[in-house]
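Asker:
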Amino acid sequence: QQAEALENQGKWAQAAALQRQRLALDPGSVWITYRLSQDLWQAGQRSQADTLMRNLAQQKPNDPEQVYAYGLYLSGHDQDRAALAHINSLPRAQWNSNIQELANRLQSDQVLETASRLRESGKEAEAEAMLRQQPPSTRIDLTLADWAQQRRDDTAARAAYQNVLTREPANVDAILGLTEVDIAAGDKAAARSQLAKLPATDNTSLNTQRRVALVQAQLGDTAAAQQTFNKLIPQAKSQPPSMESAMVLRDGAGFEAQAGDPEQALETYKDAMVASGVTTTRPQDNDTFTRLTRNDEKDDWLKRGVRSDAADLYRQQDLNVTLEHDYWGSSGTGGYSDLKAHTTMLQVDAPYSDGRMFFRSDFVNMNVGSFSADAEGKWDNNWGTCTLQDCSGNRSQSDSGASVAVGWRNDVWSWDI
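Position 113 of the sequence shown, counted from 1, bears residue number 113 in our numbering, the numbering being contiguous throughout.
#1: First and last residue of the alpha helix (DSSP H) that includes N230?
#2: Keeping to the same chain, check which residues put their C-beta closer than 7 Å to that of A43; ignore five residues upstream and five downstream.
#3: Give the straight-line distance between the Cα atoms of A272 and M243, rounded to the nearest whole angstrom.
#4: In terms of residue numbering, what span does the beta strand (DSSP E) encompassing N320 cover?
#5: Residue range of the alpha helix (DSSP H) that K188 falls in?
#6: What residues are listed by DSSP as bridge partners for R409?
#7: Per DSSP, which one or two residues make a beta bridge with G422?
#8: Assess contact between the region 75–92 and the region 120–139, defined as three or more Cβ pairs (one per stretch) separated by less than 8 Å. Is contact present?
#9: Pair every Cβ in the region 244–251 with every Cβ in the region 281–293, then say whether three or more of these pairs are closer than 8 Å.
#10: Would you mind working out which of A129, P241, S331 sits nearest R282, comparing C-alpha positions?
#11: Less than 6 Å between C-beta atoms, sequence neighbours within five positions excluded: which residues of the same chain meet that for D109?
#12: Please determine if the region 336–345 and the region 299–318 are in contact, where contact requires at least 3 C-beta pairs separated by less than 8 Å.
#13: I need the DSSP call for P351, collapsed to helix, strand or coil.
#14: With the cut-off set at 8 Å, would you say D39 and Q19 are in Cβ contact?
#15: Where L144 and D362 are concerned, what is the direct C-alpha to C-alpha distance, given to the nearest angstrom?
#16: State yes or no: is the C-beta of Y68 within less than 8 Å of the C-beta of A57?
#17: Spell out the partners DSSP gives K123 in its beta bridges.
#18: Is the CB-CB distance between A259 and T228 below 8 Å?
#19: What's the C-alpha gap between I87 and S137?
#20: Count the other CB atoms within 10 Å of the CB of R35; is the residue buried (16 or more) or exposed (fewer)?
#21: Can you name, in chain order, every residue of its own chain whose Cβ lies under 6 Å from the Cβ of S403, other than the five neighbours on each side?
#22: Report the option in D349, S353, N367 whose CA atom is closest to the CA atom of A405.
#23: Residues in the same chain with beta-carbon distance under 6 Å from R22, minus the five sequence neighbours each way, listed in chain order, please.
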């Protein structure tokens, strides 16, 4: 229990020390070795963790518990193919229900991975056909529903979610999926009705709670969404870096920005950078933060999204002052076309609400020179009535003026005067 408490607090090295003591009292224990390896992995001692599990496999090659534990360990660290190969090293006659379930999941993962690659290459119809050839599966139906949602095919998405609910009436992912479909269709009443069907449980995953918070925000239940994110964000910060925790922090930051707290949102984006693997160290100054918002061609979709969203908000919060001056002219006859034009532009952009406001003023001065005068200060120059009688007095042609403009814009609206 002490080790479990330390694990829940993220104190992996201390938990590993306790697990070592337990293993010394029970050498060769499959599950103590497994937990020790997991704690070492989380503490950054991955080579030592891998060695422990390999040694266990060599000591107990035909032990179903060992095979299951090592399979879990490998699959939990993105080594699905190695996990399946290790499971298949045990004769099927010795497989127990846990091993069979894990093998089925890993095989399903491989099918889904292949289908996802097909879809990413632009062959979505082939990917769907591959999945529909598989035995009925909740994971496959949820995947098909998600793809349909992304291409805005609400009818197909709804049908796939209903297939899941026929088998599992309390499936949280399907209920949330139907809620999202109803919101996309503009039917908020139906969405609220679906959301109310969510079963109450204390073991809801971070990702599910994240989706609930987003749905609450889309339905206009800002206070409820705020409460959900206030509970979620600290939990995500305490977790090791992962896609799940990174998505919580990314969406939490987006909600904070929309709720009018951009400074806190920027702080949460810093945590999202760590959780998504953009950096291993939380940025402590603006220079480091802005550098981390730059694109990297090696980024996956999540890292790109975190960088982009953080950069957009950072720019949105900037106060920018722009002063520009432009001069141009053309040689010609003084008073007619010996033009000199000066334009000065001053613009101030600043954050306001969830967008940016601006003030702009343009100052323009144009001068076409002066007529040539004789010794008496008079000229004719073929200019109006001066061709009939020589003129005197003001012989220059110039004018100036100023304009003022104000405006505001966000992702949806834009106006200016």
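For glycine and all other residues, C-beta sits at the position ideal for the given N, C-alpha and C.
It should be emphasised that the depicted structure is a prediction, and the values quoted were computed from it without experimental measurement.
Answerer: Based on what the coordinates show:
#1: Here the alpha helix (DSSP H) through N230 covers 222–238.
#2: Cβ neighbours of A43 beyond the five flanking positions: W12, A13, A16.
#3: One C-alpha to the other measures close to 10 Å.
#4: Residues 320–330.
#5: Note, K188: alpha helix (DSSP H), 188–195.
#6: Paired residue(s): R356, S414.
#7: Here the chain has residues from 1 to 417 only, and residue 422 is not among them.
#8: Touching, no, given that fewer than three Cβ pairs across the two stretches are closer than 8 Å.
#9: No, because fewer than three Cβ pairs between the region 244–251 and the region 281–293 fall closer than 8 Å, the two stretches do not touch.
#10: Comparing Cα-Cα distances from R282 to each of A129, P241, S331, the minimum goes to P241.
#11: Excluding residues within five positions, the ones whose Cβ falls inside 6 Å are D80.
#12: Short answer: they don't touch.
#13: Collapsing the DSSP output to three states places P351 in a strand.
#14: Yes, Cβ-Cβ distance for D39 and Q19 is below 8 Å.
#15: So the two alpha carbons sit approximately 55 Å from each other.
#16: Taking a C-beta distance under 8 Å as the contact criterion, Y68 and A57 do not qualify as a contact pair.
#17: Its beta-bridge partners do not exist; DSSP assigns none.
#18: Not in contact: A259 and T228 (Cβ atoms no closer than 8 Å).
#19: Cα to Cα, the separation comes out at about 22 Å.
#20: Classification for R35: buried.
#21: Within the same chain, S403 has close Cβ partners D362.
#22: Among D349, S353, N367, the Cα nearest to that of A405 is on D349.
#23: Closer than 6 Å at the Cβ level, and outside the excluded window around R22, lie I32.
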